[in-house]
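In this note's numbering, the protein residues as written are 418 to 538.
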Amino acid sequence: PNVHITDMVNSYLAILNAKPEKINGQIFNVGFKNQSVNELAADVKEVIGEDIKIINTKSDDNRSYHVSSEKIKETIGFETNYTVKDAVLDLKSAFKKKFLVNTFDNELFFNIKRMNNINLI
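See below:
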């Protein structure tokens, strides 16, 4: 199974099965843990291979995101099971099996393009 989608589907099921009074009007984050860009890059390199070169460049972008999934855990007891590394392993496998082709051209991999073409927006 597609592990990162499994967590998302399970989070949707947990919300659908939750008592309405617990979730009504609430917003929940779903994630495994916060990681820096460097940590994410290191995970990708570990999965894909040592031939991956990580290049650090200076940036004026000082945005910082801290996303917590504690609220969904405390409210309805939902926790994720899979990491970003699991998702990278899954993607590597999908590319190897040729499940993902033309990902830079195919509209199925671009939400806005897809929605435009089926007249959702």
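The beta carbon of each residue, even a glycine, is placed where N, CA and C say it ideally should be. For clarity, every value in this text was computed on a predicted model and none was experimentally measured.
**OP:** Verify whether the separation of the beta carbon atoms of V501 and D460 is less than 7 Å.
**Re:** Within the sequence shown, numbered from 1, the residue matching residue 501 stands at position 84. Within the sequence shown, numbered from 1, the residue matching residue 460 stands at position 43. It is a contact, given that the beta carbons lie within the stated cut-off.
Original post:
With 16 other CB atoms within 10 Å as the buried threshold, where does V454 fall?
Top reply: Counting from one through the sequence shown, the residue named residue 454 turns up at place 37. That one is exposed.
Subject >> Limits of the alpha helix (DSSP H) - the one that K488 falls within >> reply: Stepping through the sequence shown from its first residue, residue 488 is reached at position 71. That run of the alpha helix (DSSP H) goes E487 to I493.
**OP:** Following the continuous alpha helix (DSSP H) through K436, name the residue where it begins and the one where it ends.
**Re:** Sequence index remark: in the sequence shown, residue 436 carries index 19 (1-based). Where K436 is concerned, there is no enclosing alpha helix (DSSP H), because DSSP gives it neither an H nor an E.
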